[in-house]
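Top to bottom, those sequences are chains A and B.
Numbering (my numbering) for the first sequence: 1 to 155.
Numbering (my numbering) for the second sequence: 156 to 310.
Number of protein chains: 2
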Amino acid sequence: MDWRELDSTQCSVARTADVIGDGWTVLVLRDLFNGVHRFDDLTAHLGIARNVLTRRLAALVEHGVIVKVPYQEPGRRERHEYRLTRAGRDLLPVVLAMLAWGDAHRAGEDGPPMVVEHRECGSPVHVEMRCAEGHLVEPSSGLRSVPGPGARRAG
Amino acid sequence: MDWRELDSTQCSVARTADVIGDGWTVLVLRDLFNGVHRFDDLTAHLGIARNVLTRRLAALVEHGVIVKVPYQEPGRRERHEYRLTRAGRDLLPVVLAMLAWGDAHRAGEDGPPMVVEHRECGSPVHVEMRCAEGHLVEPSSGLRSVPGPGARRAG
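As structure tokens, then:
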């Protein structure tokens, strides 16, 4: 089934975005990760107002997360589609962590609306926290934040 | 150095939140993870308007991410502090993934403002994507979203 055929609102990313994020921006990224690149496809799948989508895309371009790439279909005028940059693709763990939270805490009785698989082996992909010593770190286990080289004292 | 002594604006979570999230909500969660639990401490550290913080905290309580717990200091009236629930602690990978993105794409010349360590062994903690077969999955390598049991066709 094509991603665009699925109800965009039945999604753990969306449910997590309701809690933590600017919903539209996260959902635009989610759709880009899922291969929806064109303005009209995004408006149709997301049910987002065109002016709102225009603003979100412009902000993502400005942040260097996506680039605007021209394309032209035969007999039609040139249009643009949007592609994730390296920085954009690096947001995937954020979106995947939001997906996992939504799966765990906002999934309905039917279970997760979407499963992300490793293309090579077909197994589901998850996000985990691990320390440099290789220990798997649970959210409830001890983490501690310490100032890094770029820290600055509050003034 | 106490977390509250550090400049709240020098933070990769903040920088990522500028791009992807409702900044204040993410920053409130970040401060709760870092042990800032009281209303006055949050307003002081975040530089957030009291009415805005009140609204964000109320929403997080409603979402089941935090709970309001009474406390009383000698000779003063009862007040409240805010504690993460299990669902709230489970948002840690989201915040940590945002931290990593900000470190990678928004750190200044001085490097990351904050390092999150595993309390037990002191090594830095990161977020990684891994499939059920145990393969480490890079953002650029192939991932594919497939409908899960809770998917619904767009209509």
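Quick reminder that beta carbons are idealized off the backbone N, C-alpha and C, glycines included.
Predicted model only: the values in this text are computed from it and were never measured.
Test item: CB-CB of residue i and residue j under 7 Å
i               : j               : result
S300 of chain B : M114 of chain A : yes
R193 of chain B : V250 of chain B : no
V280 of chain B : H273 of chain B : yes
A87 of chain A  : V65 of chain A  : yes
E133 of chain A : C276 of chain B : yes
W101 of chain A : L197 of chain B : no
S140 of chain A : R244 of chain B : yes
V127 of chain A : V282 of chain B : yes
T85 of chain A  : V61 of chain A  : no
Buried versus exposed call for residue i [16 or more other C-beta atoms within 10 Å across all chains shown]
i               : result
N189 of chain B : buried
P248 of chain B : buried
A97 of chain A  : buried
R238 of chain B : exposed
R106 of chain A : buried
A306 of chain B : buried
L298 of chain B : buried
R308 of chain B : exposed
M156 of chain B : Legend: pLDDT at M156 of chain B = 49, less than 50; position of this residue unreliable, no value from coordinates given.
Backbone secondary structure at residue i - three-state DSSP
i               : result
E128 of chain A : strand
M1 of chain A   : Because the pLDDT at M1 of chain A is just 49, under 50, the model does not fix this residue reliably, and the value given afterwards should be weighed accordingly. Coil, per DSSP.
E62 of chain A  : helix
P248 of chain B : helix
R56 of chain A  : helix
V191 of chain B : coil
R308 of chain B : strand
R231 of chain B : coil
D31 of chain A  : helix
G102 of chain A : helix
A262 of chain B : coil
A49 of chain A  : coil
G88 of chain A  : helix
G23 of chain A  : helix
Whole-angstrom C-beta distance between residue j and residue i, which should lie under 8 Å
i               : j               : result
T25 of chain A  : R56 of chain A  : 5 Å
E233 of chain B : V224 of chain B : About 11 Å; that fails the 8 Å criterion.
G263 of chain B : G111 of chain A : Wrong, their Cβ atoms sit about 43 Å apart, outside the cutoff.
L201 of chain B : L182 of chain B : 6 Å
D177 of chain B : D22 of chain A  : 5 Å
In DSSP terms, what residue i is bridged to
i               : result
V224 of chain B : B:E236
L136 of chain A : A:R130
R299 of chain B : A:E117
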